[in-house]
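Q: Numbering (the working numbering), first residue to last: 652 to 996. Okay, here's the structure, questions in a sec.
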Amino acid sequence: DWTEQRLDDEIAAAAQYCFRLSDELPIRAQLFTRADHHILVVVIHHIAADGWSMTPLIADLQTAYTSRCAGTGPDWAPLPVQYIDYTLWQRAQLGDPDDADSPIAAQLAYWQHTLADLPERLELPTDRPYPAIADHHGDSVPITINPQLHQHLTHLAHTHNTTPFMTIQAALALLLAKVGSSRDVALGFAIAGRGDPALDKLVGFFVNLLVLRVQITGDPTVAEYLEQVRQRSLAAYEHHDVPFEVLVERLNPTRSMSHHPLFQVALTWQNWEDNDPVAGLRLPGLSVSSVPLHTRAARWDLAFSLSERWNEFGEPAGICGAVEYRTDVFDRVTVEGLVARFERV
């Protein structure tokens, strides 16, 4: 007998659940039932799963549900590796950070050199001063780059031997340098971390965060600027094995509860055509669709998440996404203005 508003409120509350990792499993599911339709809300702490994990997790759900409907238990095929195998392999391959001859020590040396004297924080034009402690409450503003501009970006990237993602990185860094108080800009971006096909069907947290540092000095041409971004981006990928928390520990920037260390703006490039994880889900007797949700959370000051679209001929059909922002320092109209400027850049 719940109203639609109460149902929406309860679903939102379920999606915003905060785990106590000291005594709770990092996964929680709730089923809401109204007449002949049901809404399943599954919340997983990021320590236990990443975005890629949703596909194998939903496949497991399909297997289990189908089996239970047939009166049997799920007959899952044994996984070739477990998450602990990955952690042991990582330690064996990378070695000890305290061993100067280890591969991870060499990668750490690169980052210590590249990020030396990085500004403590990227100064952005906020609507309110940063509080002493960030509340991590957030909202989002959509971003839509039209097909014609997408085609131009793709052509520009090919002309200068970069990728569309690098071009977008360059545009965002330039925007931040223009609206901020520094031409030394750090952007965070993620790498999937699943370099072996054996990891594809494993639920776990494999993503690592990398830092792209762009220094806009003098009056570079577009070609010179894109070349710097290309070189820095490729070098970051070549040294992607250092876990971000280890990097922070070694660089030891001034820690603050007010902002994220090393970077405060992130750019995520989703490299799949359809971001709906339940698009291929088939459950006996059910018609399945996803319910859009917003956790009203913000991980960083600004987090741009973009994905390319293609038409039936394989031609650029636009770039879509959103920017997540902290509501304790930004108003929506300010972020909408930043998005408009981003598109112009």
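Beta carbons are placed, not taken as given, at the ideal position from N, Cα and C, and that holds for glycine.
Within 8 Å (strictly less), CB to CB, does D749 reach chain D?
A: You won't find chain D in this structure, because it holds only one protein chain.
Q: Counting pairs of beta carbons, one from the stretch 822-839 and one from the stretch 905-920, are three or more of them closer than 8 Å?
A: Result yes; three or more Cβ-Cβ pairs closer than 8 Å.
Q: Given a cut-off of 8 Å on the beta-carbon distance, is the pair C971 and R960 in contact?
A: Numbered from its first residue, the sequence shown carries residue 971 at position 320. Numbered from its first residue, the sequence shown carries residue 960 at position 309. The answer is yes: Cβ separation under 8 Å.
Q: Using only alpha-carbon positions, find the residue among A686, G831, R883, E878 that is nearest to F840.
A: Position 189 of the sequence shown, counting from 1, holds the residue named residue 840. Checked all of A686, G831, R883, E878; the closest Cα to F840 is R883.
Q: What does a CB cutoff of less than 8 Å around Q763 pick up in its chain, not counting 5 residues either side in sequence?
A: The count along the sequence shown starts at 1 and reaches residue 763 at position 112. Here the set comprises R901, L902.
Q: If contact is defined by three or more beta carbon pairs under 8 Å, each pair taking one atom from either stretch, is the stretch 933-948 in contact with the stretch 770-789?
A: A contact exists between the stretch 770-789 and the stretch 933-948.
Q: In whole angstroms, give me the CA-to-CA distance for V899 and P912.
A: On the sequence shown, residue 899 is found 248 positions in, with the first residue counted as 1. On the sequence shown, residue 912 is found 261 positions in, with the first residue counted as 1. Cα-Cα distance, rounded: 7 Å.
Q: When the Cα atoms are used, what is the spatial distance from S940 to L769?
A: In the sequence shown, the residue the question calls residue 940 occupies position 289. In the sequence shown, the residue the question calls residue 769 occupies position 118. Distance between the alpha carbons of S940 and L769 is about 45 Å.
Q: Hey, out of Q733, Q758, P731, whose CA is closest to Q744's CA?
A: Position 93 of the sequence shown, counted from the first residue, corresponds to residue 744. For Q744, the nearest C-alpha among the options comes from Q758.
Q: Can you tell me the Cα-Cα spacing of E924 and A751, whole angstroms?
A: Counting from one through the sequence shown, the residue named residue 924 turns up at place 273. Counting from one through the sequence shown, the residue named residue 751 turns up at place 100. With a pLDDT of only 49 at E924, under 50, the local geometry of the prediction cannot be trusted, and no value is derived from it.
Q: Note down, in chain order, each residue of its chain lying with its Cβ closer than 6 Å to the Cβ of Q866, except the 5 sequence neighbours on either side.
A: Against the sequence shown, residue 866 aligns to sequence position 215. Taken in chain order, the residues that qualify are D835.
Q: Which residue comes first and which comes last in the alpha helix (DSSP H) that contains R657?
A: Your numbering for residue 657 matches position 6 in the sequence shown. Residues 655-666.
Q: Thinking just about the alpha-carbon of each residue, which of L676, A954, V693, R742 is nearest to the one in L838?
A: Counting from 1 along the sequence shown, the entry for residue 838 is found at position 187. For the residues L676, A954, V693, R742, the minimum Cα distance to L838 belongs to A954.
Q: Is it buried or exposed for S832, if we count other Cβ within 10 angstroms and need 16 for buried?
A: Against the sequence shown, residue 832 aligns to sequence position 181. Classification of S832: exposed, given that the 10 Å Cβ count is below 16.
Q: Rounded to a whole number of angstroms, what is the C-alpha to C-alpha distance between R864 and T765?
A: One-based indexing of the sequence shown puts residue 864 at position 213. One-based indexing of the sequence shown puts residue 765 at position 114. Roughly 8 Å separates the two Cα atoms.
Q: Check for me: the alpha helix (DSSP H) holding V984 runs from which residue to which?
A: Residue 984 sits at position 333 when you count from the first residue of the sequence shown. Here the alpha helix (DSSP H) through V984 covers 983-995.
Q: Starting from D736, trace the alpha helix (DSSP H) in both directions and tell me its first and last residue.
A: Here residue 736 corresponds to residue number 85 of the sequence shown, with the count starting at 1. Taken as a continuous stretch (DSSP letters only), the alpha helix (DSSP H) holding D736 covers 734-745.
Q: Do you know offhand how far E994's Cα is from S673's?
A: As a first step, residue 994 is located in the sequence shown; it is residue number 343 there, counting from the start. As a first step, residue 673 is located in the sequence shown; it is residue number 22 there, counting from the start. E994 and S673: Cα-Cα distance of roughly 44 Å.
Q: Can you round the beta-carbon distance between L804 and T818 to whole angstroms, since I take them to be within the 8 Å contact cut?
A: Reading the sequence shown from its first residue, position 153 is the one you call residue 804. Reading the sequence shown from its first residue, position 167 is the one you call residue 818. Their Cβ separation, rounded to whole angstroms, is 5 Å, which keeps L804 and T818 in contact under 8 Å.
Q: How about the stretch 725-740 and the stretch 848-855: do they share at least three Cβ pairs that are nearer than 8 Å?
A: A contact exists between the stretch 725-740 and the stretch 848-855.
Q: Whose C-beta lies closer than 6 Å to the C-beta of Q921 among residues of the same chain, with five residues either side of it excluded?
A: Looking up residue 921 in the sequence shown gives position 270. Closer than 6 Å at Cβ, skipping near neighbours: S958.
Q: Can you give me the start and stop residues for the beta strand (DSSP E) that L682 sits inside?
A: By one-based count along the sequence shown, residue 682 stands at place 31. Element bounds for L682: 678-685.
Q: Which stretch, first to last residue, makes up the alpha helix (DSSP H) that contains C720?
A: The residue labelled residue 720 in the question sits at position 69 within the sequence shown. From DSSP, the alpha helix (DSSP H) with C720 extends over 705-720.
Q: Please determine, among P848, V873, A843, the residue with the shortest C-alpha to C-alpha distance to T810.
A: Here residue 810 refers to the residue found at position 159 of the sequence shown. Comparing Cα-Cα distances from T810 to each of P848, V873, A843, the minimum goes to V873.
Q: By Cβ distance below 6 Å, which residues in the same chain neighbour A849 in space, the five residues on each side in sequence not counted?
A: In the sequence shown, residue 849 corresponds to position 198, counting from 1. Here the set comprises P731, V732.
Q: Could you have a look at H689 and say whether DSSP puts it in helix, strand or coil?
A: Residue mapping note: residue 689 aligns to position 38 of the sequence shown, counting from 1. In the structure shown, H689 sits in a strand (DSSP, three-state: E or B).
Q: To the nearest angstrom, how far is it from the Cα of I794 to the Cα of V990?
A: The sequence position of residue 794 within the sequence shown is 143, counting from 1. The sequence position of residue 990 within the sequence shown is 339, counting from 1. Between I794 and V990, the C-alpha separation is close to 7 Å.
Q: When the Cα atoms are used, what is the spatial distance from V897 to R742?
A: Counting from one through the sequence shown, the residue named residue 897 turns up at place 246. Counting from one through the sequence shown, the residue named residue 742 turns up at place 91. Computed Cα separation, rounded: 13 Å.
Q: Starting from V897 and walking both ways along the alpha helix (DSSP H), at which residues does that stretch end?
A: Start at 1 with the first residue of the sequence shown, and residue 897 comes out as number 246. Here the alpha helix (DSSP H) through V897 covers 895-902.
Q: To the nearest angstrom, report how far apart R657 and V830 are at their CA atoms.
A: Working through the sequence shown from its first residue, we reach residue 657 at position 6. Working through the sequence shown from its first residue, we reach residue 830 at position 179. Answer to the nearest angstrom: the Cα atoms are 41 Å apart.
Q: Quick test of your reading: D979 and R779, contact by CB under 8 Å. State the CB separation rounded to the nearest angstrom.
A: Your numbering for residue 979 matches position 328 in the sequence shown. Your numbering for residue 779 matches position 128 in the sequence shown. At roughly 7 Å, the Cβ-Cβ gap stays under 8 Å, so D979 and R779 are in contact.
Q: Under 8 Å between the Cβ atoms of V893 and I755?
A: Locating residue 893 in the sequence shown gives position 242, where the first residue counts as 1. Locating residue 755 in the sequence shown gives position 104, where the first residue counts as 1. Yes, these two residues count as a Cβ contact at 8 Å.
Q: Is W703 buried or exposed, if buried means 16 or more other CB atoms sit within 10 Å of its CB?
A: For the purposes of this step, residue 703 is taken as residue 52 along the sequence shown, with counting starting at 1. Buried, by the Cβ-count rule.
Q: Threshold first: 4 residues or longer. Then list the alpha helix (DSSP H) segments lying entirely within the stretch 843-913, N to C.
A: You should have 873-889, 895-902.
Q: Do M908 and A785 come within 8 Å of each other at the CB atom, strictly closer than that value?
A: As a working mapping, residue 785 is identified with position 134 in the sequence shown. As a working mapping, residue 908 is identified with position 257 in the sequence shown. It is a contact, given that the beta carbons lie within the stated cut-off.
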